[in-house]
Amino acid sequence: MEEEFVVTPWEVRGRVDYEKLLKHFGAKPLTKDEVALLEKYAGEVHPLIRRGFFYAHRDFDFIMKWHGEGRPWALYTGRGPSGPVHIGHMVPWILLKWFSDKFGLEVYFQITDDEKFYDDPEMKLE
């Protein structure tokens, strides 16, 4: 029997169901048109996007439209300090740096464990 697919802030179990993952996180697949728009504005497409490593988004279409209208925007990310930094953290940061360089953007980086409170109602602030 195949193990049930589960994603939490601490683990991923079972065979990854990408459609379920998109729905769970409110994401949409990155379309060819969106990638073409990125290339138009950035002058190239980062290999991690071109090769499909990053395949989904939340509001990328809105941001590209916003950028096309000449409106300012910034980058925001973060991580929970519950363990050591590893390659899984570095990969999105590489893409974040690329966006910052290509679009001349400010980056806001928050260190927080907030998302863990959504998954574990017994978790305390201490």
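Using numbering that gives the first Met the number 0, the first residue of the sequence shown is number 0, and each one after it goes up by one. Glycine is no exception: its CB is placed at the ideal position from the N, C-alpha and C atoms.
The C-alpha of Asp58 lies about 32 Å from the C-alpha of Lys123. Proximity to Trp92 across Gly82, Gly103, Arg78 peaks at Arg78, based on C-alpha coordinates. Straight-line measurement puts the Cα of Phe102 at about 9 Å from the Cα of His66. Inclusion of Phe4 and Gly13 in the CB contact set at 8 Å is warranted, their separation being smaller than that value. In the three-state DSSP reduction, Pro91 falls in the helix class (H, G or I). In the DSSP annotation of this structure, the continuous segment of the alpha helix (DSSP H) that includes Gly67 starts and ends at 59-67.
Rounded to the nearest whole angstrom, the CA to CA distance from Lys27 to Met63 is 15 Å.
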